[in-house]
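Student: Going down the list, the sequences are from chains A and B.
Residue 9 in my numbering sits at position 9 of the first sequence; the count goes up by one each step and never skips.
Residue 1134 in my numbering sits at position 134 of the second sequence; the count goes up by one each step and never skips.
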Amino acid sequence: MSNTTYEPDETVDARGATCPGPLMDLIGKVKESDPGTVIELRTSDSGSKTDVPEWLDEAGHDLLGIEDAEEGSEWDIYVEVT
Amino acid sequence: MGHLRGGDLSGAARSPLPTMPHEIIVVGGGTGGTVLANRLADRLDAEIADGAVHVTLLSDDPQHVYKPVFLYVPFGEKTVADARRPLRDLVDDRIDVVVDRLTAVDTDEKRLTLRDRPDWTYDQLVLATGASLAPEEVPGLEAGAHHFYGPEGATALRDELATFTEGHLVLSVVGVPHMCPAAPVEFVLMVDDWLRERGRREDVDLTYTYPIQRAHGLQPVADWASAQFEQRDIALETFVNVETVDPDAQTVETVEGAEFDYDLLVAIPPHAGSDVVAEAGLGEDGWVDVDKHTLEATAAEDVYAIGDVADVPTSKAGSVAHFEAGPVADRIASRARGETPTASYDGKTVCFLEAGTDAATFIEFGYGDEPTVRPASKMLHWAKLGYNESYWLTARGLL
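(1) With respect to 7 Å, is the separation between the Cβ of B/Phe1352 and the closest non-hydrogen atom of the ligand ATP below this value?
(2) Can you tell me whether B/Asp1192 is buried or exposed? The criterion is at least 16 other CB atoms within 10 Å of its CB, across all chains shown.
(3) Give me the Cα-Cα distance between B/Asp1096 and B/Ile1332, rounded to the nearest whole angstrom.
(4) Given a cut-off of 8 Å, decide if B/Leu1071 and B/Ala1183 are closer than it, judged by their beta-carbon atoms.
(5) Could you please give the first and the last residue of the uninterrupted alpha helix (DSSP H) stretch that includes B/His1147?
(6) Could you tell me which chain B residues have their CB closer than 9 Å to the CB of A/Lys31, listed as they occur along the chain?
(7) In chain A, which residues lie less than 8 Å from B/Ile1212 when you measure between Cβ atoms?
(8) Hey, out of B/Thr1031, B/Leu1127, B/Leu1057, whose CA is closest to B/Ala1041's CA?
(9) With three or more beta-carbon pairs closer than 8 Å as the criterion, would you say the segment 1111-1129 of chain B touches the segment 1021-1040 of chain B?
(10) When DSSP labels each residue in this structure, what does B/Phe1352 get in the three-state scheme?
(11) Below 8 Å, can you find three or more Cβ-Cβ pairs linking the segment 1074-1085 of chain B to the segment 1280-1297 of chain B?
(12) Does the beta-carbon of B/Ala1249 have 16 or more other beta-carbons within 10 angstroms, so that it is buried, or is it exposed?
(13) When the distance is taken between beta carbons, is B/Phe1239 closer than 8 Å to A/Glu58?
(14) Compute the Euclidean distance between the alpha carbons of A/Glu71 and A/Thr18, then round it to the nearest angstrom.
(15) Output needed for B/Thr1361: all residues of its chain with C-beta closer than 8 Å, excluding positions within five of it in sequence on either side, in chain order.
(16) When DSSP builds the beta bridges, which residues end up paired with B/Thr1294?
(17) What residues in the segment 54-74 of chain A have a beta carbon less than 8 Å from any beta carbon of chain B?
(18) Identify the contact partners of B/Gly1217 in chain A, using a Cβ-Cβ distance below 7 Å as the criterion.
(19) Helix, strand or coil for B/Met1020? Go by DSSP, reduced to three states.
(20) Using only CA atoms, which one of B/Asp1311, B/Ala1395, B/Asp1285, B/Ser1172 lies nearest to B/Glu1259?
(21) Closest by CA to B/Val1138, which one among B/Ser1315, B/Asp1308, B/Ala1267?
(22) Among B/Gly1338, B/Tyr1066, B/Ala1329, whose alpha-carbon lies nearest the alpha-carbon of B/Tyr1345?
(23) Assign B/Leu1400 to buried or exposed, taking buried as 16 or more other Cβ atoms, counted over all protein chains shown, within 10 Å of its Cβ.
(24) Sorted by chain position, which residues of the same chain lie with C-beta nearer than 7 Å to B/Gly1029's C-beta, five sequence neighbours on each side aside?
(25) Counting only the same chain and skipping the five closest in sequence on each side, list residues whose C-beta sits under 6 Å from that of A/Thr43.
(26) Note down, in chain order, all residues in the segment 1162-1191 of chain B with a beta-carbon under 8 Å from any beta-carbon belonging to chain A.
(27) Is the beta carbon of A/Pro20 sitting closer than 8 Å to the one on B/Ile1048?
Structure, rendered in structure tokens:
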């Protein structure tokens, strides 16, 4: 866990899954979460860095940040459900 | 049939009963389980003949169902009966075929609980239990939407389509991952042709929706499909994640806060793995966590998963189950002989893609590859139809 900035309420570990797996896993978690919930998406699909922000923009949730977790091969994306 | 645990055949027996056969149990009578059982009969021919190995194929359905046939049922090109053959007829005589339902797996004790029989034990276990439909996950979906992912759904859609002469037909991919990832694109291109052939297309608006920002998870397929849709006046709506369906008002609300109307909704329902898998601790969501090359479960020894139930980063397609069965049969045979298995699955996936009612293309790729979508042709359409017929040889392990 590389994060020191955000304190997630929920973690979705989608490492190893390819597109659209990580985004779909995140959407599933957002659907069942209350407003204010902070979700950490762990992903090894580099496409998530663009897919996820685009979906958040479309759906109206907040992107808190994207952190490099594993030297360019894994990322942790932090989202707040609105 | 004892189903008492035996051991490997190397002399370094793991069992206190070295005279008992090495028990290999394959659960699931779909493409993966059937092809695998037939491969095992070949790979372990001598060992089965002398009683050192015993292979059982367990299925809760005495019929084998070839699901890709259902895509053609709504258009009257195939019938539900075309998708079924007796499982026993497709499986080598050296394999015991047992019809019963697996209800629990204890991987520590290597024990299986069955619905109608006393417990079995195994030396090596393969789970090929497939995926099931879970429309109940989305309120209103079951009552409000049609589908072509099973016999009843495909038949009901055929009847609905037969009298559908005007209005808004929406194909909505609700559940991802789903079986046969090309099928939603195929359906919408086929229905476009089918309506044109009947002079109804001008009175029908067609829309295709997908949950992410493009028309398909695979970028080349998304690009190809988007171009096809544009040429044929099929509306593409992306970032559509269905939240609820109102069957009375014929409206759909999305997670993204949008709403759309429909007259005929054809949905790809959410899919579910297996409760048995989740309860056995083999995979949280009912899909078995496996090593993507060996197909061995990460949470238990001597357990494999192939086909839709295996959580690997490629499509839930029949070809995947087929191509996984070869290396898994080799690995199981090696283990049964006390050898070190070396066979490996590279993610090979092949999908035909219907581009309408008389042309098709296909894609082939492995782990990490981007497929190339070739130009659609009549020849490939015939090849797809020919493959669907020769599938029964594939299931027998002959192709």
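Even for Gly, the Cβ is constructed at its ideal location relative to N, Cα and C.
Computed from a prediction, not measured in an experiment: that's the story for all the values here.
Tutor: By the coordinates alone:
(1) Here there are no bound small molecules, and the ligand ATP is not part of this structure.
(2) buried
(3) 17 Å
(4) yes
(5) Here B/His1147 belongs to no alpha helix (DSSP H), and DSSP marks it neither H nor E.
(6) Asn1241, Glu1243, Val1255
(7) Proximity of chain A to B/Ile1212 at the Cβ level (cut-off 8 Å) is accounted for by Cys19, Pro20, Leu23, Met24, Asp51, Trp55, in chain order.
(8) For the set B/Thr1031, B/Leu1127, B/Leu1057, the Cα lying nearest the Cα of B/Ala1041 is the one of B/Leu1057.
(9) Judged by pairs of C-beta atoms under 8 Å, the segment 1111-1129 of chain B touches the segment 1021-1040 of chain B, as three or more such pairs exist.
(10) strand
(11) Counting C-beta pairs with one atom in each stretch, the segment 1074-1085 of chain B and the segment 1280-1297 of chain B have fewer than three that are closer than 8 Å, which means they do not touch.
(12) exposed
(13) Contact: yes.
(14) 18 Å
(15) Answer for B/Thr1361: Trp1224, Phe1352, Leu1353, Ala1355, Val1373, Arg1374, Pro1375, Ala1376, Ser1377, Leu1380, listed in chain order.
(16) B/Thr1294 is not bridged to any residue.
(17) Glu54, Trp55, Glu58, Ala59, Gly60
(18) Cys19, Pro20
(19) It is coil, neither helix nor strand.
(20) B/Ser1172
(21) B/Ala1267
(22) B/Ala1329
(23) Within the shown structure, residues of chain B are numbered from 1001 to 1399, placing residue 1400 of chain B beyond reach of any answer.
(24) Leu1057, Ser1059, Asp1061, His1064, Leu1087
(25) Residues of the same chain with a CB within less than 6 Å of the CB of A/Thr43, apart from the 5 flanking positions on each side, are Ala14, Pro22, Trp75 in chain order.
(26) Answer set for the segment 1162-1191 of chain B: Val1176, Pro1177.
(27) no
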